[in-house]
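Everything below concerns the one structure shown next.
Numbering (the working numbering), first residue to last: 3 to 143.
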């Protein structure tokens with residue numbers, strides 16, 4: 003009986019540790035990814051290029067402007083960090099790295115459409131609207 007209690011206690015402690023690592027690990031990774039991406043965009047001048055590309059592409063501009071009037075109280079996330087957490091849960095790190103490499107190297111219109119379709123297939127409509135709202139807020143603040 004003592005061995006059984008010890009086994010149950012050990013399993014419970016390990017489960018709590020695993021939950022803590024998962025919860026705080028995803029937060030840590032989300033914070034790190036957002037910090038790196040934001041710093042890279044600002045220092046490399048890619049943020050200005052991205053803004054120009056959005057202004058010059060009416061389809062992309064219309065797509066992002068859908069988030070302009072979104073009711074933020076009804077969105078599943080409101081900050082970049084929360085969005086990163088959701089994306090880390092929906093996509094594995096290899097997919098995120100692949101996307102990041104493609105974006106850095108430049109993407110054709112068909113590749114952009116393929117990426118958008120892939121993202122839309124994994125996210126709900128509310129999550130997509132929240133991403134559009136965040137993108138609009140960040141790009142046009």
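All residues carry an ideal CB built from backbone N, CA and C; glycine is no exception.
These numbers come from a predicted model, not from an experiment.
| task | May I ask which residues mark the beginning and end of the alpha helix (DSSP H) holding residue 92? | result | From DSSP, the alpha helix (DSSP H) with residue 92 extends over 82-92.
| Apart from the five residues just before and just after residue 72, which ones in its own chain have a Cβ nearer than 8 Å to its Cβ? | Closer than 8 Å at Cβ, skipping near neighbours: 131, 132, 134, 135.
| query | My guess is that residue 140 and residue 88 are in contact by the Cβ rule of under 8 Å, so how many angstroms apart are they, rounded? | reply | Their Cβ separation, rounded to whole angstroms, is 16 Å, which puts residue 140 and residue 88 out of contact at 8 Å.
| task | Closer than 8 Å by C-beta to residue 28: which residues in its own chain qualify, once you throw out the five before and the five after it? Chain order, please. | result | Taken in chain order, the residues that qualify are 87, 90, 91.
| field | Buried or exposed (CB count within 10 angstroms, at least 16 for buried), residue 9 | value | Classification for residue 9: exposed.
| Which of the three DSSP states, helix, strand or coil, is assigned to residue 108? | DSSP places residue 108 in coil when its eight states are reduced to three.
| Can you name the start and end residues of the alpha helix (DSSP H) that residue 125 belongs to? | Per DSSP, residue 125 lies in no alpha helix (DSSP H) and is assigned neither H nor E.
| field | Assigned exposure category for residue 20 - 16 Cβ within 10 Å defines buried | value | Exposed, because fewer than 16 other Cβ atoms sit within 10 Å of the Cβ of residue 20.
| field | Secondary structure, alpha helix (DSSP H): runs of 4+ residues fully inside the region 56-80 | value | The qualifying runs are 60-67.
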